[in-house]
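> If you read the sequences in order, they're chains P and B.
Going by my numbering, the first sequence opens with residue 1, and the numbers climb by one from there.
Going by my numbering, the second sequence opens with residue 321, and the numbers climb by one from there.
Even for Gly, the Cβ is constructed at its ideal location relative to N, Cα and C.
This is the structure I have questions about; it appears just below.
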Amino acid sequence: MLDMIIIDGLSFALPLFIMAIGGIFSEKSGVTNLALEGFQGFGAFIGALVVVSLSGVFGAASRVPYYAGFVFAVIGGGMFSLLHALLCIKFKADQVISGVVMNILALALTSFLTKSLNTSLFGNNANKFVLGASERITIPGLSEIPVVGAVFKEVYPFEIIIVLVAVVMWYVLYKTAYGMRLRACGDNPHSADAAGINVYRVRTLAVFISGCLSGIAGMSFAYSITANFSPDIYLGYGYLSIAALIFGNWSILPALFACLIFGFARSGGAAVINQLGLPSAYNDLVRPLPYVLTLLLLVFFSKHNRSPKALGQVYDKGRR
Amino acid sequence: MRKFTLSCLAIVISLLFGALILWLMGKDPVAAYMNLLQGSGLMEKARYSGRQNMFTDFMSFLDAMTPMIFASLSVALAMRGGFFNIGVSGQMLAAGITAHMLAGVIPSRVLVVLAGLLAGAIVGALIGWLKSRFNVNEVVTSIMLNSIIMYVITFYINVFYINPVSRQSKAVVDSARLTLSGFRWENLKMDIALAFPLAIIAALLLHWFLERTTYGYEIKAVGLSPKAAYYAGMNVNRTALFTMTLSGALAGLAGVSYFCGYLATIQPGVVPSMGFDAIAVSLLGGNNPIGCVFASFLITIISKGTVYMSSRQHIEPEIASLIAAFILTFAACSAVLDRRKK
């Protein structure tokens with residue numbers, strides 16, 4: 001049972017984490033990003049579309065569609081995020097409103113497109129692209145260690161991708177010139193500008209990165225939780241990852257910690273219900289656990305939080 | 321006036337965008353848009369089934385529009401007070417289930433309205449309190465509460481309150497429902513929204529409240545600049561709490577007129593999308609109570625008329641929410657144009 005909690009918890013926490021990293025990039029550069037929810041959904045939509053289209057070309061055993069799906073989910077999420085960047089940075093829209101608008105637009109657009117593409121291309125009238133569940137890998141040797149071994153047991157391939165990408169992103173944010181410039185844009189865009197940094201470009205790229213990373217998360221959810229792409233993918237996980245990054249004080253490692261808490265709260269709750277032999281309706285009682293936890297944690301930590309100083313402010317060169 | 325022009329511009333651009341999509345799909349946009357009006361009882365349909373005509377269609381249109389007015393008023397008030405209330409859906413659900421439970425014991429319309437008002441206000445107040453006391457971002461709180469409320473209600477309905485045939489909650493009794501369903505008049509059969517006059521009164525009252533009273537002035541002052549309001553001697557925290565309580569109460573009214581009026585049941589496992597659409601409506605109405613009524617009218621034409629349109633033109637009904645989303649996107653942009661010109 002402990003194994004199950006760790007396995008399920010990780011497969012939920014890691015996609016959340018990669019999305020939270022995206023959020024950190026965007027918010028550290030000074031662009032509030034409530035649109036993660038929409039990015040992950042749109043990314044998953046593009047990815048799923050590619051998988052469904054390719055699965056006819058390649059055989060059922062081929063792994064090409066699986067990885068192509070992730071690549072295109074990244075592209076799709078990134079492309080869609082440019083719209084948020086356009087509204088927030090170019091059109092100077094209110095960033096909170098723009099974020100929520102993106103989420104509504106993503107939901108409407110993908111539900112409409114899923115249905116009409118299914119009708120016109122694949123000749124059925126379903127509102128989803130069926131993907132099937134992802135394969136799982138158990139790493140021999142390491143997985144036989146008691147308790148900790150569960151980390152290496154029945155791992156989804158995307159979890160490995162996420163860990164690798166996360167390490168790279170951590171390096172980019174804290175160890176490269178771009179990362180330093182990005183953080184400068186979020187704290188004091190005017191002096192960043194005076195130092196010769198193109199604030200608009202840095203911010204646009206940061207939002208784009210957040211879209212790309214959310215795409216990975218969306219595709220992971222589509223492959224693990226729902227096993228298809230349907231509008232059901234908009235379950236509020238994007239918002240959950242925002243809560244994680246706020247709780248993590250806009251830095252990557254504490255955000256990982258928050259995501260792990262959410263993941264284990266979720267899988268632990270389900271395991272308890274399962275153990276007690278309660279009917280599945282009782283699952284709805286433990287499902288809100290991560291959300292309740294978020295609220296409580298935020299109550300305790302919001303006072304001491306230090307958000308990026310220029311977060312949510314439209315950067316206007318003329319106002320220096 | 322400027323705002324009005326910009327809102328109209330957003331609508332026109334979105335409708336043109338929608339028309340383009342319809343045209344690309346090989347449909348006739350003009351006919352499709354006329355179907356929207358026909359489905360809403362604003363234009364004569366070619367054929368009607370028994371006991372129905374344009375007037376009965378219009379009455380059900382008003383029935384659908386009533387909760388939307390309340391919901392958009394809730395968003396508008398919060399927005400004026402500097403809050404982004406994205407939790408209208410959760411507040412609606414909380415109000416809906418409270419009213420349902422109460423109506424099961426004492427079937428009374430007055431009580432249903434009061435219960436909705438109170439339940440919504442409590443949830444709203446919680447969000448306002450967390451913000452003013454602990455500085456928790458209201459957007460995150462609202463969204464978390466939406467999910468928490470939805471899951472708890474889903475559990476409650478599935479375990480105690482399910483109609484095993486429809487997989488929905490048990491229907492509210494007719495004597496407590498805010499919509500007179502199947503009302504006979506002459507040879508017609510129609511649904512009458514009893515809460516509709518209440519919605520119009522609420523809009524007028526809210527307008528008066530914001531423009532003509534001290535409390536309303538304080539809400540707007542805090543919304544524009546909490547610091548300035550603080551230095552002017554206003555109690556910012558109390559005002560913020562009051563704003564969210566009132567906003568929640570309005571959302572509660574939306575909840576009862578939706579779940580105990582337009583619908584008679586609550587579907588478990590679903591967060592009503594109306595709470596999010598209301599943001600579009602409120603933005604479109606320039607966060608002005610009277611503007612909200614007109615914007616609700618427009619959005620309801622799209623959402624209500626879609627059923628008829630999709631059956632006539634064989635288009636996926638999802639196109640309606642797509643056009644609404646376009647309106648929202650352009651409305652967000654138009655707010656920008658407005659700021660730029662100043």
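1. Since P15(P) meets chain B, which of its residues come closer than 7 Å, beta carbon to beta carbon?
2. Excluding the 5 residues preceding and the 5 following L508(B) in the sequence, name in chain order all residues of the same chain whose CB lies nearer than 8 Å to its CB.
3. Going by CA-CA distance only, name the one from V459(B), A513(B), G589(B) and Y471(B) that's closest to M379(B).
4. Between the Cα of M564(B) and the Cα atoms of V433(B), L526(B), N355(B) and V395(B), which residue gives the shortest distance?
5. What residue range does the alpha helix (DSSP H) around F577(B) cover?
6. Is the Cβ-Cβ distance between G410(B) and L573(B) less than 8 Å?
7. For the beta strand (DSSP E) containing T499(B), name the first residue and the last one.
8. Tell me, to the nearest whole angstrom, how far the beta carbon of S230(P) is from that of N127(P); I am working on the premise that it is less than 8 Å.
9. Using a C-beta cutoff of 8 Å, does L618(B) count as contacting chain A?
10. Under three-state DSSP, which class holds I482(B)?
11. Going by DSSP, what residue range makes up the alpha helix (DSSP H) through K547(B)?
12. With T386(B) and Y582(B) assumed to form a contact (beta carbons below 8 Å), what rounded beta-carbon distance in angstroms separates them?
13. So which residues of chain P does N455(B) contact, with C-beta pairs closer than 7 Å?
14. Could you confirm whether any beta carbon from chain B is found closer than 8 Å to the beta carbon of D193(P)?
15. Does the beta-carbon distance from F25(P) to L256(P) come in below 8 Å?
16. Which same chain residues, not among the five before or five after K661(B), have their C-beta less than 7 Å away from its C-beta?
17. So is S26(P) in contact with chain B if we call contact Cβ pairs under 8 Å?
18. Would you identify the three-state DSSP class for K509(B), choosing helix, strand or coil?
19. Any idea which residues DSSP pairs S489(B) with across the strands?
20. DSSP three-state label for I426(B), please.
21. Residue range of the alpha helix (DSSP H) that W343(B) falls in?
22. Where do the N-terminal and C-terminal ends of the alpha helix (DSSP H) with T119(P) fall, by residue?
23. Is the CB-CB distance between C612(B) and A523(B) below 8 Å?
24. Anyone know if the C-beta pair for V576(B) and G436(B) falls short of 8 Å?
25. Checking contacts by CB at 8 Å: is M664(B) closer than that to chain P?
26. Apply the 10 Å Cβ neighbour rule to V51(P) and answer buried if 16 or more other Cβ atoms are within range, or exposed otherwise.
27. Measure the CB-CB distance between A651(B) and L604(B) and report whether it falls below 8 Å.
28. Tell me whether T138(P) is buried or exposed, calling it buried when 16 or more other Cβ atoms sit within 10 Å of its Cβ.
29. With a CB to CB cut of under 6 Å and the five nearest residues on each side skipped, what residues in its chain are close to G338(B)?
30. Cα-Cα, which of P308(P), D3(P) and S210(P) is closest to E154(P)?
31. Comparing the C-beta of Y315(P) with each C-beta of chain B, is any distance below 8 Å?
32. In its own chain, which residues sit with a C-beta less than 6 Å from the C-beta of D8(P), not counting the 5 before and 5 after it?
33. Would you please state the rounded distance, in angstroms, between the beta carbons of A584(B) and V492(B)? I believe it to be under 8 Å.
34. Helix, strand or coil for N608(B) per DSSP?
35. State yes or no: is the beta carbon of A351(B) nearer than 8 Å to at least one beta carbon in chain P?
36. In chain P, what lies closer than 8 Å to A652(B) by C-beta?
Let me spell this out:
1. Against chain B, the beta carbon of P15(P) has no neighbour under 7 Å; the closest one sits roughly 17 Å away.
2. Excluding positions up to five away in sequence, the list reads R371, Q372, N373, F375 and T376.
3. Considering only alpha carbons, the answer is A513(B).
4. Per the C-alpha coordinates, the member of V433(B), L526(B), N355(B) and V395(B) positioned closest to M564(B) is V395(B).
5. For the sequence presented, residue 577(B) should be read as Ser rather than Phe. For S577(B), the enclosing alpha helix (DSSP H) stretches over residues V556 to S577.
6. At the C-beta level, G410(B) and L573(B) stay beyond 8 Å of one another.
7. Counted as a single uninterrupted DSSP element, the beta strand (DSSP E) harbouring T499(B) occupies residues T499 to W505.
8. The pair is a contact, with the Cβ atoms about 6 Å apart (cut-off 8 Å).
9. The structure shown contains no chain A; its protein chains are P and B.
10. Strand at I482(B).
11. Here the alpha helix (DSSP H) through K547(B) covers P546 to Y551.
12. Indeed, because the Cβ distance is near 7 Å, the residues count as touching under 8 Å.
13. Using a Cβ-Cβ cut-off of 7 Å, N455(B) is close to S302 and K303 of chain P, given in chain order.
14. Using a CB distance cut-off of 8 Å, D193(P) does not count as an interface residue toward chain B.
15. Not closer than 8 Å, so no.
16. Unreliable placement is indicated for K661(B), whose pLDDT of 48 sits below 50; no coordinate value is reported for it.
17. It does not; no Cβ of chain B falls within 8 Å.
18. Here K509(B) sits in strand by DSSP.
19. Its beta-bridge partners are I482(B).
20. Reduced to three states, the DSSP call for I426(B) is coil.
21. Taken as a continuous stretch (DSSP letters only), the alpha helix (DSSP H) holding W343(B) covers R322 to L344.
22. It spans Q95 to S120 - the alpha helix (DSSP H) in which T119(P) sits, taken as one unbroken run.
23. Here C612(B) is near A523(B), since their CB atoms are less than 8 Å apart.
24. Taking a C-beta distance under 8 Å as the contact criterion, V576(B) and G436(B) qualify as a contact pair.
25. The shown model of chain B, from 321 to 662, leaves out residue 664(B), and the question about it has no answer.
26. Burial is judged here by how many other beta carbons sit within 10 angstroms of a residue's own beta carbon; V51(P) has at least 16 and is buried.
27. Yes. Within cutoff.
28. Residue environment analysis places T138(P) among the exposed positions, since fewer than 16 neighbouring C-beta atoms fall within 10 angstroms of its C-beta.
29. Counting only Cβ-Cβ distances below 6 Å, and skipping sequence neighbours, we find I643.
30. Of P308(P), D3(P) and S210(P), the residue nearest in Cα terms is D3(P).
31. Taking Cβ atoms only, chain B never reaches closer than 8 Å to Y315(P), which makes this a no.
32. Taken in chain order, the residues that qualify are S267.
33. That belief holds up - the Cβ atoms of A584(B) and V492(B) are roughly 5 Å apart, short of 8 Å.
34. For N608(B), the secondary structure class from DSSP, reduced to helix, strand or coil, is coil.
35. False, the Cβ-Cβ gap to chain P never drops below 8 Å.
36. Correct list: L87, A93, D94, I97, S98 and V101.
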